[in-house]
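Asker:
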Amino acid sequence: MSYNKGYYHRGYSGGYRDSRYRSNYRGHDDQYRNNQGNRSDDSRVGGMLNLNKGSHYDASENRYIPGASQNGGGSSYSSERNSRTPHHHASSDSLTSSGMSTPMSHAAAEQQQRNTGSTSITTGENHKDSEFAKLLLHSDNTKILPFSRPVDPKKNYKVMYDPEFDKNLSKEEKKSKSKKIRFNGEGIDSKELADPRLSHLAQYFQKPNKKSKKFPFKQLPQPKFIFDKDSLGPAPLTQLVVWDLPSTTSEVYLSNYFKSYGDAIEEMKFINDPDYGVSLGIATFKFQGNPEKAMRLAKKLIQTVKIETPKVDGVPLKIALNDSEGELLNRKMRTAKDKLKVQILKREEEEKKRQKQLLEEQKKNNELKKKELEEKKKQAELAKTKAKDEPPTKYRPNSTILSIRRQNKVVNGVFMPKDLNKYIKDRPYIFIQDKYVPTKKISSHDIKRVLNKYDWTRVLSDKTGFYIVFNSLKECERCFMNEDGRKFFEYRIYMELAIPEGYSKDENEDTETSSNKNDIIEEATNMLIKEFQTFLAKDIRERIIAPAILDLLGHENYPKLVEELKSQEEIIKPKPIISNNQLKLDALSILEKKRQQQKLSLPSFRKIDDKVNKRKARKNLVPMQHALNFDEEDEDEDEEDEETSRSVTPVVSLKRDRSSTVTSPEEEEEDNDQYVKKRKRTKLARALESDVSSDEEMEEEEAEEEEEQVVEEKEEEEEMVGPISMEIDYADVDLKYQPTEEGSVTVYPELPPSAVFDLEALQNILKDEEDLKIAQEVLNEAEVSSANTKNIEYWAWKQKASKLVAQEIAAEEVENIEELPSHLESESGSFRSEPYRKINDADKIHYLPHRRKIHKPLKTIQYEDDDDEKINENNAIQSSRVNRAKNRRFAADITAQIGSESEILSLNALTKRKKPVTFARSAIHNWGLYAMEPIAAKEMIIEYVGERIRQQVAQQREHGYLKTGIGSSYLFRIDENTVIDATKKGGIARFINHCCSPSCTAKIIKVEGKKRIVIYALRDIEANEELTYDYKFERETNDEERIRCLCGAPGCKGYLN
Amino acid sequence: MSQITITAKPSSSTTQITEKLLASCRPTKLFDYHQGASITSLDFDDSGQYLISAGIDKSIQLYDCHKGIHYKDIQSQKYGCHSARFTHLDLNCLYASTPNNPQENDNAIRYLALSNNQYIRYFKGHKEQVSSIEVNPIHNTFLSSSFDGTVKHWDLKSSSSIGNIDIGQNSIIGFDPHGIIFAIGKYPDENSTIGSIGLYDLKTFDKGPFLQVSIPVSKGQIWNKLEFSNNGKLLLISTESSEHYILDAFSGKVLARIQLDKQSPSHNHTQPKNWMSFKYPYTGSCTFSPCGKFVLIGSPYSIVHIFDLNDLKTSRDHNSDLEPIILTKSSNIQSTHGIPKIVAFNPKLFTFATADTTVTLWSPTSK
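Below is the structure:
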C-alpha cells in the first residue's frame, strides 16, 4: 500500500492537482509543475488497466492527498483564496468576511433575519451557519478547486458485467470472475448513438411508467395535516359554546347528550355568574381527539343541530363554535348576566307585590273559610245519602273475587282459616293461594316488600297461603287491581279479594275520597308510622320486656319450684317410654301370632279373599282411622307443637285440620271432578288386571275393590269423614251392622277400588275390627321398615298431607293445560316430526331448574375408575396444598442456587397450581367446566385467560359478538378500564357457568403487577362436579334485558342480572 | 429502533392541478429542526408520504407529509450531509458526505436506512465533494456529480461505480421519467456565456452524449438543477441567477427563458446583489408540478412564482426555429418564512415544500 500511495501521489494525483492549478493560476508555482510530466503516463496506465476487482481499480479510487503534499500546499491555499474570489462573486466583502463586516445599509435587514433565523435577502447569507463547522460543501472550499479541466473521454467507462450482480454464481465464483468494463464506448459507432426515446415515442408519452417516481399526475389528493406546534395559522376551532340552557340541565346529561353526536366530550364546563354564583345556562366543551377531528365533529354537530333543532330539557339547543379569542363566549356571558340581573330585579318586585297580596288574601280567606265549612257540611250529608242509595254491586260482604286467571269471577263465601279470623277481624283481605306463591319458600317479608306501595295493615302467612289484610276496601281494591297476576321471582301472584261476612261498609268512605289528594303524603306517613311502630314494638320487646322476663324467670327466683320440677321430671320420664315399648311389643306379638296362624292354615291368598267377602264377621273391628286418631286431643297438641316449631313467622300458629273447615267452593268442585276421573281410570285398570292371578296382585285387587265401595259411599253421603261419625255409635243404632238374612250382603256397599293404594285407601277398606284383623294378618307378610313406624301418627299425617298437595297440583295441571302458549304447540301435531329447534331460556326456566333438582349431583361425566378416586379422595384434597408448598420450596431452592428466581418459575406459578378440569355439556347453559378430581375449598382451580382489552374495545366487541350471533358472554371485567375477553382467544375457564349458590369464586389477584382473574374453590368440590361461580352481573332494571338463570340452585334468584 | 411504516395515502378525492389552486397554496406547516442552519436539499419519497431535508448542521430531518408532522431526526455528525435522496426501497436514503475538516476529504456517498439508522453501503469513488445525487426514477441505480469533474453511475447493490463519465467540471444531472436517458448540464465558467446540455443513453453513455446542445446564458451563471418534466416533454434548468430555462426535452432547444428580476418588486435596500447565490449550494429553486404544466420558482423576495407552461409549444409541434419565449408573468405567492431557495413538489400529494433554514409545507386553502 505504501508503494501505491507514493506512486499515486507522485503520478496521477499529483498531475491532477497540477492541471487544476495550472488552469487557474498560470505559472504560479513551480513546485507543482514539476510533477506534470508524470500525469500523462498515469492516465494512460489507468486507462489501460484491465481492472481486476479490488486491486488496481480500487487503488485508483483511493484518497489522493497524502499528508506531506497537503501540508506543502497549505500555505498557498489561504493566500489563493482571496485572490480567486473576485472571479466568481461580484461582492467580495460578503464572502471574505463571512458576514462579520456587513455594510451598514443592511444592518436592519440583517437584524430581522437574525431574529427569524433565515438567509438574508441582501447578503445571501445565513449568519447562523457560522455557528456550525464549515463543511467541505461550502463555496469557500469548492471554489478553490479548479473550475474545469480537460476532458479525457478515455476515462469514460461502463461496467458491462459485474459478477457481483450475477445471481447464477456462487460466492466462490463471484470472487474468481472478473468484471467486464467497456471504456469510451468501445465498439460502438458514433453514428449508432441515438435517442432511445424516439424509437417508441408514442409509447413514451402515452404510457408513463407507473412505477416511476416521476409520474405525470394531473390530479392530486389534498393533504390533511394534523395541527401541532409546527402548524402555521390559528389552531382549528374546537371549543363549542352552548347557551340558553335551562337551569335543570346537568353536566353529565349534557356530555352524554353530545357524546351521541361523535366522540367523547372533553373539558365540559358550566359557567356560573361570578357575582351571584348562579348558573348562566352557558357551557363550553370540546370533542376529544386531535384538533382537526374535534373541529370536524364540532362542525358536523353544528350542522346537524341546524337541521334537526334538537331540544335539551324542552328548550331548543343553541350551539356555536367559539372563536379563538373567546369573543362569542364573552358575548353570551354578558347577555346571560344581563338577563339574570333583570330576573333578579323582577323577582324582588314580585316579592313585594306578593306580600301585599298575601295580606289581602288573608282577610278574604277568613271569610271564605267560614263559607267553606258550611258547604262541607252540606256535601258530607249529600255523600252519605248517596252512599246509602247506591249499594256496591261488586263488593258484597261474604264474597270472593277470584284472580285474573279465573276472569275475576265473584263467588259467594270467603275462604279463611278459623284461627285467622281474630287477626283479620272482618276486614277485607287479599288471599294468595299457597300453590301460586309457596309459603314455604317465600316469606311474608317478601310479600310486604312487593306490596309496600299499598296501605295494608297485616300480612299473614298460613299453610294455605298469604293473607294481606287491609283496613279500607278501597286500598284493598287498588292493590288487587294493580298487583293481581304480577310476576314475582319465578312465581305469579294470583290474588283473590275476599270480603268477610262481618265487613261493614260504614268505614267512612268520605274520608278516603277526600284524602285522595293527600294520598302520597298519607301513604308516606303511614309507612313511617308503621316502621316506627314495628321498631318501637321491637325495642320494647327486646330491651324492656325480654330482660324483665328473663330476670323474672331466673332459676334463682324459684329455688323450690325448680327442685320440685326436677324431681317430677325424674319420676315421669321413664313411664311413657315403657308404655310405648310395651305397646309396640304387644302389637308385634299379635302380628307374629297371626302370621304363624296364616302360615299354618292358609296356603294361598285366595282363601283370604273369600274371607274378605264375608264382611259380617268383621263387625267389631275399629277402622284404622280410629286407631290413628285414638287420642284426638293429644294429636292436636302434637300438631300445634310441630306447627310452631316449623313456622317461620311467629304471628300466627295454625291448626291443621283442614278437612273440617270450609274449603273454597271451587276446590270442592275440583275434588268431585277428581273422583269421577279416578273412577274411570280404576275401571280401566281393573279390566286390565282382571287376568292377573299372582298372589300379590290379588291383594291389591282386593284393596281396590274395597276402595271402590268407599268412593261410592262417599258420593252418597258427601262427607269424607262419614265412616268415622258412624263408627261412634255403631253397635246399637246402625242397621247396617245388623245381621242379614238373605245370604251374604256386604255391610258396606261395594265400591270400585282406587287405583292408588295408600293410607287413605287402606283406611277406607277397613270398615271394622274384623277388617283390621285380616289386614293385620295380610300385612304381616310385608316387611315393615322401622323408619316409617317410628312415629306412626306423624307418618300418617304426612301421607295424607302429601296426597292433598298432590291433588292440588293435579288440579293445577289441569288448569295449566289450557294456558299452553302457542309456540309450545306443535304445528304438525308432534314435536318429534319437526326439525331441531332451540328452546328459549324463558321456556327452559319452567322445567330445567326443577329437573336439575331431581338429578341432584351436578355431574355429567362419569369415569369407570370412580371407585379408585374415592379411595384417593382424602389424599388428593390434602396433597394439593402440600404440592404447592413443595413447589414453593423447590422455587426457593433454585433461587438459592441461581441467585434470583428464574423467569420460567414465576411465569408458571399460576399454571402449576391449576387443577385438572375439563369441559362438557352443561345443564345450566351450553358448556360447563367440570372438576376431574376432588378439589379442596380455597384451592386455586384455574386462571381466566383471555385477551386483555380496554373498556371501549370491550363494548365494541360485545356489540360485534351480538351482531355475529355469539350469544354467550365471555367478557370478564377486571376493573373500570380493563376487560378480559375470552371469546376468541381464551382458556377453558370461560366455560364456567353462573350459579346462584356457586362452588367457586373469581378473584382478581395481582401477579407481577398485572391483574389477573383466578378461580378459587369456595367449598370442597367432588370429582366430576360442575364448577360454578357467581357472575355478579350488575342489576338490570329493564325486565326485557334480564337474563334468566337456569342454575336450579335452592336459592336461585331467577336471573343473572 | 422505531419501526417506520408506510401508511396508505389519505383517501380524499383528488383535485386537478390548476394555477388557481396552486396560487391558493399557503404555508401551513413550518418545520424548524435544523437549528437555523441552511438547508441544502429537499426530497420526497416515492409514496409522497415522507420528506427529507439535509442541512449543514449535519442532520437529516424526516417529515410525514400525510399528517404534516416532523417524524424523525437523523444525525450525521461525523460525515455531514448533502443532497439527501430517497431510493425506492423502504425508507432508505442516499446522501453525499461533506465533512467539516477538508483534510478528511471523505467524498463517499452514504446509503442509510432511516428506519433503523444503519448504513447499508458506502459508495466510494469521487475524489472531490459530491455536488448532486439523482436517483433513477424506476431502477435501483443513481447518478452522482462531483467537483472532481466526473459523473458516476452507481448500482445500489455495489459500492463501486458501474459507470463513469468525465465531464471536466462540476455538472448538474437529471433523469427522464422513464429512466432510460439522462441529461448532464455544464454551466459556463466565469468568463464564458455558453453552457451546454448533453443527453446520454443509459446504455451507451460511455461513448458520449447522443445529443449535445449549447445554451447561451449570462456570464458565469451557475446552474444547480436539471429536471425533466414528468410528462417527459420539457427540461428545466434551474440557476442561481434570476433567469431559468425551459428546454425541449428532445431537441434541447430553449423554449422559454423565465426572468424573475423583471417583475420583482422594487425594494430599495433589499435589492439582492447575487440573486440566489449563497455560501452553501442548494438543490435548485425551481420545480415542475407533477403534471408538467407549471413551474414553481422561488425568489429572494420570499416569493414563489408560478409559471403556466400550457401555452408553450414544443419544437416537435412547430418545427420552425422560433426564438425562445421570455416568461415574466406569473402568479405569486408570498412565503412567510425565509427565502424559498429550494422548492420541491410532492409527487403524490397536492403539497410542495420550500426550504431555507426551515422547511415549509404548502397546501391549497381553497377546494
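Which chain is which? The protein sequence lines are A and B, in order. For the first sequence, position 138 (counting from the first letter as 1) is numbered 138 according to the UniProt record's numbering, and the numbering increases by one without interruption. For the second sequence, position 246 (counting from the first letter as 1) is numbered 246 according to the UniProt record's numbering, and the numbering increases by one without interruption. From the three backbone atoms N, C-alpha and C, an ideal C-beta is built for every residue, glycine too.
Please decide whether B/Ala54 counts as near chain A, where near means a Cβ-Cβ distance under 8 Å.
Answerer: For the purposes of this step, residue 54 of chain B is identified with residue 54 of the second sequence, where counting begins at 1. Not closer than 8 Å to any Cβ of chain A, the Cβ of B/Ala54 fails to qualify, so no.
Asker: Any beta carbon from chain A within less than 8 Å of B/Glu137's own beta carbon?
Answerer: Against the second sequence, residue 137 of chain B aligns to sequence position 137. In the sequence on display, residue 137 of chain B carries Pro and not Glu. Chain A, which has a Cβ nearer than 8 Å to the Cβ of B/Pro137, makes this yes.
Asker: Please compile the residues from chain A whose C-beta is within a distance smaller than 7 Å of the C-beta of B/Lys67.
Answerer: The residue labelled residue 67 of chain B in the question sits at position 67 within the second sequence. Near B/Lys67 (Cβ distances below 7 Å), the residues of chain A are Phe225, Ile226.
Asker: Inspect the beta-carbon positions of A/Leu245 and A/Gly281 and report whether they are closer than 8 Å.
Answerer: Within the first sequence, the letter at position 245 stands for residue 245 of chain A. Within the first sequence, the letter at position 281 stands for residue 281 of chain A. Yes; because the gap between Cβ atoms is below 8 Å, this pair is in contact.
Asker: Note down, in chain order, every chain A residue with its Cβ under 8 Å from the Cβ of B/Ser363.
Answerer: Residue 363 of chain B sits at position 363 when you count from the first residue of the second sequence. Per Cβ cutoff of 8 Å: Gln222, Pro223, Phe225.
Asker: Enumerate, from N- to C-terminal direction, the unbroken alpha helix (DSSP H) stretches of 4 or more residues contained entirely within the region 411-456 of chain A.
Answerer: If we require 4 residues or more, the alpha helix (DSSP H) runs fully inside the region 411-456 of chain A come out as 421-424, 444-450.
Asker: Closer than 8 Å, CB to CB, is B/Ile133 near chain A or not?
Answerer: For this step, residue 133 of chain B is matched to residue 133 along the second sequence. No, B/Ile133 does not count as interfacial toward chain A.
Asker: Taking a contact to mean a Cβ-Cβ separation below 8 Å, would you say A/Thr119 touches B/Gln129 in this structure?
Answerer: Looking up residue 119 of chain A in the first sequence gives position 119. Looking up residue 129 of chain B in the second sequence gives position 129. No, they are not a contact pair.
Asker: If you measure beta-carbon to beta-carbon, which residues of the region 127-150 of chain A are closer than 7 Å to chain B?
Answerer: For the region 127-150 of chain A, which is checked against every Cβ of chain B, the residues closer than 7 Å are Lys128, Asp129, Phe132, Ala133, Lys134, Leu135, Leu136, Leu137, His138, Ser139, Asn141, Thr142, Leu145, Phe147, Ser148, Arg149, Pro150.
Asker: Should A/Ala380 be labelled buried (16 or more other beta-carbon atoms within 10 Å of its own) or exposed?
Answerer: For this step, residue 380 of chain A is matched to residue 380 along the first sequence. Under this definition A/Ala380 is an exposed residue.
Asker: Quick check: the Cα distance between A/Phe258 and A/Leu297, rounded to an integer number of angstroms?
Answerer: Numbered from its first residue, the first sequence carries residue 258 of chain A at position 258. Numbered from its first residue, the first sequence carries residue 297 of chain A at position 297. C-alpha separation (whole angstroms): 10 Å.
Asker: Looking only at C-alpha atoms, which of B/Asp45, B/Glu227, B/Thr28, B/Gln221 sits nearest to B/Asp248?
Answerer: Your numbering for residue 248 of chain B matches position 248 in the second sequence. Nearest option by C-alpha distance: B/Glu227.
Asker: Threshold first: 3 residues or longer. Then list the beta strand (DSSP E) segments lying entirely within the region 224-260 of chain B, N to C.
Answerer: Correct list: 234-239, 243-248, 254-259.
Asker: For my contact list, B/Ala256 and B/Phe44 are in at a C-beta cut-off of 8 Å; report their separation, rounded to the angstrom.
Answerer: The count along the second sequence starts at 1 and reaches residue 256 of chain B at position 256. The count along the second sequence starts at 1 and reaches residue 44 of chain B at position 44. Not really, about 25 Å apart at Cβ, beyond 8 Å.
Asker: Are there three or more Cβ pairs, one per stretch, closer than 8 Å when the region 365-381 of chain A is compared with the region 468-475 of chain A?
Answerer: With a cut-off of 8 Å, the region 468-475 of chain A and the region 365-381 of chain A do not count as touching, because too few Cβ pairs lie within range.
Asker: Any idea what DSSP makes of B/Tyr122, helix, strand or coil?
Answerer: Translated into the one-based positions of the second sequence, residue 122 of chain B becomes position 122. Note: B/Tyr122 maps to strand in three-state DSSP.
Asker: According to the Cβ coordinates, are B/Gly195 and B/Gln221 closer than 8 Å?
Answerer: To locate residue 195 of chain B, count along the second sequence from 1; it is residue 195. To locate residue 221 of chain B, count along the second sequence from 1; it is residue 221. In contact: B/Gly195 and B/Gln221 (Cβ atoms closer than 8 Å).
Asker: Compare the C-beta of B/Thr287 with all C-beta atoms of chain A and state if any pair is closer than 8 Å.
Answerer: As a position in the second sequence, residue 287 of chain B is number 287, starting the count at 1. No, no contact with chain A.
Asker: What does the alpha-carbon distance come out to for the pair B/Lys29 and A/Gln219?
Answerer: The count along the second sequence starts at 1 and reaches residue 29 of chain B at position 29. The count along the first sequence starts at 1 and reaches residue 219 of chain A at position 219. When rounded, the distance between both Cα atoms is 22 Å.
Asker: May I ask you to report which of helix, strand or coil DSSP gives B/Ser146?
Answerer: As a first step, residue 146 of chain B must be located in the second sequence, where it is residue number 146. DSSP places B/Ser146 in strand when its eight states are reduced to three.
Asker: Short of 6 Å in beta carbon distance, which residues of its chain neighbour B/Thr40, apart from the five on each side in sequence? Order them along the chain.
Answerer: To locate residue 40 of chain B, count along the second sequence from 1; it is residue 40. Counting only Cβ-Cβ distances below 6 Å, and skipping sequence neighbours, we find Ala54, His82, Tyr280, Tyr282.
Asker: Alpha carbon to alpha carbon, how far is A/Ile144 from A/Leu137? Give it in angstroms, no decimals.
Answerer: In the first sequence, counting from the first residue as 1, residue 137 of chain A sits at position 137. In the first sequence, counting from the first residue as 1, residue 144 of chain A sits at position 144. Computed Cα separation, rounded: 12 Å.
Asker: Establish whether the CB of A/Thr119 and some CB of chain B are separated by less than 8 Å.
Answerer: Indexing the first sequence from 1 puts residue 119 of chain A at position 119. So yes, A/Thr119 belongs to the interface.
Asker: In terms of DSSP beta bridges, what is B/Gly185 paired with?
Answerer: Position 185 of the second sequence, counting from 1, holds the residue named residue 185 of chain B. B/Gly185 is bridged to B/Ile172, B/Ile197.
Asker: Give me whichever residues DSSP pairs with A/Ile468 in a beta bridge.
Answerer: Within the first sequence, residue 468 of chain A is the residue found at index 468, counting from 1. DSSP lists A/Ile430, A/Val459 as partners of A/Ile468.
Asker: Return yes when the C-beta of A/Glu808 is under 7 Å from any heavy atom of the ligand FAD, and no when it is not.
Answerer: Although the ligand FAD was asked about, the structure shown includes no ligands whatsoever.
Asker: Against chain A, with Cβ distances strictly below 8 Å, would B/Ile162 count as a contact?
Answerer: In the second sequence, counting from the first residue as 1, residue 162 of chain B sits at position 162. B/Ile162 counts as touching chain A.
Asker: Under the three-state reduction of DSSP, which class applies to A/Ile935: helix, strand or coil?
Answerer: Translated into positions along the first sequence, residue 935 of chain A becomes position 935. DSSP places A/Ile935 in strand when its eight states are reduced to three.
Asker: Hey, how far is the Cα of A/Val342 from the Cα of A/Ala336?
Answerer: Working through the first sequence from its first residue, we reach residue 342 of chain A at position 342. Working through the first sequence from its first residue, we reach residue 336 of chain A at position 336. Using only the alpha carbons, I get a separation of about 10 Å.
Asker: Give the residues of chain B in contact with A/Ala194, contact being defined as C-beta atoms less than 8 Å apart.
Answerer: Residue 194 of chain A sits at position 194 when you count from the first residue of the first sequence. Within chain B, the residues near A/Ala194 are Asp201, Phe210.
Asker: Hey, could you find the ends of the alpha helix (DSSP H) A/Glu192 is sitting in?
Answerer: As a position in the first sequence, residue 192 of chain A is number 192, starting the count at 1. Where A/Glu192 is concerned, there is no enclosing alpha helix (DSSP H), given that its DSSP letter is neither H nor E.
Asker: From B/Ile167, B/Asn231, B/Phe205, pick the residue whose C-alpha is nearest to that of B/Tyr187; which is it?
Answerer: One-based indexing of the second sequence puts residue 187 of chain B at position 187. Among B/Ile167, B/Asn231, B/Phe205, the Cα nearest to that of B/Tyr187 is on B/Ile167.
Asker: Can the beta-carbon of B/Phe142 be found less than 8 Å from the beta-carbon of B/Ile133?
Answerer: Along the second sequence, read from residue 1 onward, the residue named residue 142 of chain B stands at position 142. Along the second sequence, read from residue 1 onward, the residue named residue 133 of chain B stands at position 133. Yes. Within cutoff.
Asker: Taking CB distances under 8 Å as the criterion, tell me whether B/Ala37 reaches chain A.
Answerer: Counting from one through the second sequence, the residue named residue 37 of chain B turns up at place 37. By this cut-off, B/Ala37 is an interface position.
Asker: Roughly how many angstroms separate the alpha carbons of B/Asp356 and B/Leu91, rounded to a whole number?
Answerer: One-based indexing of the second sequence puts residue 356 of chain B at position 356. One-based indexing of the second sequence puts residue 91 of chain B at position 91. Cα-Cα distance, rounded: 24 Å.
Asker: For B/Ser59, return the contacting residues in chain C, with the cut-off set at a CB-CB distance below 7 Å.
Answerer: In summary, chain C is missing from the structure at hand, where the protein chains are A and B.
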